[in-house]
Amino acid sequence: MILAVTYDLWSFVSENWEPLLRGLGRTLYVSGIAIVGAFVIGAVLGAARAHRVPVVSQFAAIYVELVRNTPILVQIFFLYFALPQPIGPWPGVRFDVFTVAWLSVMIWGGAFNTENFRAGFEAVPYRFREAGLALGFSKLATFLNVTLPIGGRIALPSSINTYIAVLKNTALLYVISYEELTTVALQVNALTLETAETFTVLAVVYLALVWSLSIAIRQLESRLALPEER
Amino acid sequence: MSFPDWIEPVARYMFQEGLKGTLRIAVISVVASTVIGVVLGTLLTIRFWPTRTLIRFYIEVWRGLPIIVTLFMIFFLGPVIAGRFEFDPFTAATIGLTLWGSAQVAEATRGAVQSIPREQHEAASALGFGWVGRHVYVILPQALRRLIPPLVSLLVGIILNSTLAQVIGANELLESAERSVERLAAPPPSGSFEIHAIEIYGAVMVVFFLICFPLTRLAAYLERKLVA
C-alpha cells in the first residue's frame, strides 16, 4: 500500500546515482582484471592440459577440479578469513579486500576457462598441427599459429559464458564488504529504505550487462567463426 | 595421535546443524527446479508467442541475475511488497535457488524435447494421443533420458550455490562453520581465543568436494553414455 504511493524511481536514481555508479565502476574494474587473468590462465593451462605437458597438466587438473567442486563463496571466505591464520610452517598471509576481490573471481574463472580452452585445443584436428610441423614450424610456433587461433575460436563461446559468470560472481564480494555494485546498493537501501527502487536499479543494471554480453557473444561468434562454418 | 579437544563439538555441530541445512535447501530446490523447469521447458516448445515470450523472459531473468541478488531481492523486497511474502532465510534461499535452477532446467528441457524426431509426435498423434498425452507418455520419457546429465550438473550447481543462503543468515554448512570459527575465537567460557579458520573452512571445502566431485564425474560419464 505504502509502496504504491512512494515508488519513485526517478527521484531515487537522481539522489543516489553517484554511489551506485561508483559501485558499478568497481564491479566492472574487478571483472576486467579477473577476465584478463582468467583468459591467460585458461590459455596457458588449457594448452598444458591439451598437450599433456607433464607436471603442469596434472597440477592444472587438480586446480580445475578443486575450484569447480567447491563453492566460490567458501573460496572467498578461505582467502579472506582463513589464510591470515598462521598454522604449522605457514606464516599466515593477509590480503587486503581488493586483492581478494579480483584474485578470488580470477581463480574461479581461470579454472573454468582452463576446461574451455582444453576442449577447444583438443578439437583442433591433429592433421592441422602435423601440417604446421611439416612446414618447419617449431612446436611453440605451431601452437601459436595453428592451435591457438583455431582452438581459441572453438573455445570462444564457452569462455565468454565463463566471463559473464565471473562478472555475476563479483556480486558475492559483498561478503568481504568490497564496495562493488551489490554492496553499494544494499548500503543505499539501508540508508533510504527505498527497497523497491534499489532492487529495480540493481536488477536492471545486472540484466543489461549480462544480456548485452550474451548478445555480443552471438555477434562475435559469427564474425570469428572459422571460414568453413560461416 | 589424538585430535585436539575443540574438534569434536565443532564437527558434530557442523554435521548435525550445518550439513542438514545445506541438504534441506539443496533437495527441495532440486526437486522443485526439476518439476517447474520440465513443465516450462515443454511449454516453451509450443509455437504460441505469448507463452513463449513469458517463459523466455522468466528464463533470461533468473539465469541473468547473480543468484545472490535474487536471494537479496526475495529476502528484502518480499516483505515490502506484501506481509505474506516475508520469508525466513531458508525459504528465501530455496525459492531463489529454485528460480535459478528451474530456468536452467527449462532451457535444457526445451533442447531435449526439440531433439526428439518429429515422427515420434506424428506417431503419437496417429495413435490418438492429444497434446498432453503425447508429451507425457511419448515425448518426455524419451527427452528425460537426455536430461539426466544436465540434471546431475544442476544438482552440483545447487549444492554449491546453497552456500549463498549463508549470506542471508540461513544455518547451512558455511554458516555453521563461520559460527564455529567465531565461537572458538571468543574469550572463555564460550571460546578459547583460538583461531581455527584454516582447519574449519578447509573442512567445509573438503566436504563439498567429496559430495560434488563424484557427481561431476557421474554427469560427465552419463553425458558420454546417454547422449553420444
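Taken in sequence, the protein lines are chains A and B. To get our numbering, take the position in the first sequence, counting from 1, and add 641. To get our numbering, take the position in the second sequence, counting from 1, and add 47. For glycine and all other residues, C-beta sits at the position ideal for the given N, C-alpha and C.
Assigned with DSSP and collapsed to three states, I242 of chain B falls in coil, not helix or strand. In the three-state reduction of the DSSP assignment, W53 of chain B falls in the coil class, being assigned neither a helical nor a strand state.
In the DSSP assignment, T783 of chain A falls within the unbroken alpha helix (DSSP H) covering K780 to T783. Of the residues assessed, V179 of chain B falls on the exposed side of the cut-off, its CB having fewer than 16 other CB atoms within 10 angstroms. In this structure, DSSP gives I93 of chain B a state outside helix and strand, which the three-state scheme calls coil. Contacts with chain A at 9 Å (Cβ-Cβ) do not include L144 of chain B. Between F95 of chain B and chain A, the shortest Cβ-Cβ separation is not below 9 Å.
The C-alpha of S200 of chain B is placed about 7 Å away from the C-alpha of L262 of chain B. The CB of V251 of chain B comes closer than 9 Å to the CB of T711, P712, V715, F718 and F719 in chain A, given here in chain order. Between R667 of chain A and the set A:E820, A:A866, A:F840 and A:T841, the nearest pair of CA atoms involves A:E820.
Contact annotation: in the region 181-212 of chain B, residues whose CB is within less than 9 Å of a CB in chain A are V203, I206, L207, N208, S209, T210 and L211.
Excluding its 5 nearest sequence neighbours in each direction, I205 of chain B has C-beta neighbours in its own chain below 6 Å: A73, S76, V77, L144 and G148, listed in chain order. For T647 of chain A, no chain B residue has a Cβ inside 8 Å of its Cβ, as the nearest lies near 10 Å away. Boundaries of the alpha helix (DSSP H) harbouring E706 of chain A: V697 to R709, taken from the DSSP string.
Boundaries of the alpha helix (DSSP H) around K809 of chain A: L789 to N810.
As computed with DSSP, W731 of chain A is found in a beta bridge with A:I728. Residues of the region 845-856 of chain A with a C-beta less than 7 Å from any C-beta of chain B: Y847, L848, V851 and W852, listed in chain order. Using a Cβ-Cβ cut-off of 9 Å, W731 of chain A counts as an interface residue toward chain B, since at least one Cβ of chain B sits closer than that to its own.
At a cut-off of 9 Å between beta carbons, A723 of chain A contacts chain B.
For N657 of chain A, there are no C-beta contacts with chain B under 7 Å, since the nearest C-beta of that chain is about 16 Å from it. In this structure T117 of chain B is not in contact with P712 of chain A, their Cβ atoms being roughly 16 Å apart against a cut-off of 8 Å. Judged by beta-carbon spacing, A675 of chain A lies within the 9 Å limit of V807 of chain A, meaning their Cβ atoms are closer than that value. Taking 8 Å as the upper bound on Cβ-Cβ separation, chain B lies near residues V816, T823, L827 and N830 of the region 816-834 of chain A.
Bounds of any alpha helix (DSSP H) do not take in V183 of chain B, whose DSSP letter is neither H nor E.
Contact of M120 of chain B with chain A is assigned, a C-beta pair being separated by under 9 Å. K809 of chain A sits buried, since 16 or more C-beta atoms from the chains shown fall within 10 Å of its C-beta.
Here N786 of chain A is exposed. Its C-beta has fewer than 16 other C-beta atoms within 10 Å. Distance from the Cα of F719 of chain A is smallest, within the candidate group A:G777, A:A688 and A:L814, for A:L814. If you draw a straight line from the Cα of V851 of chain A to the Cα of I748 of chain A, it is about 21 Å long. Per the coordinates, the alpha-carbon of N208 of chain B lies some 34 Å from the alpha-carbon of F95 of chain B. If you draw a 10 Å sphere on the C-beta of F62 of chain B, you find fewer than 16 other C-beta atoms in it, and that means exposed. Contact between I215 of chain B and A139 of chain B holds: CB atoms are separated by about 6 Å, below the 8 Å threshold. Put simply, the backbone Cα of I195 of chain B is about 36 Å away from that of T841 of chain A.
Contact of T668 of chain A with chain B by beta-carbon distance below 9 Å is absent, the smallest such distance being about 10 Å. R99 of chain B and V152 of chain B have their C-alpha atoms roughly 16 Å apart.
Of all residues in the region 261-275 of chain B, only T263 come within less than 8 Å of chain A when Cβ atoms are compared, listed by chain position.
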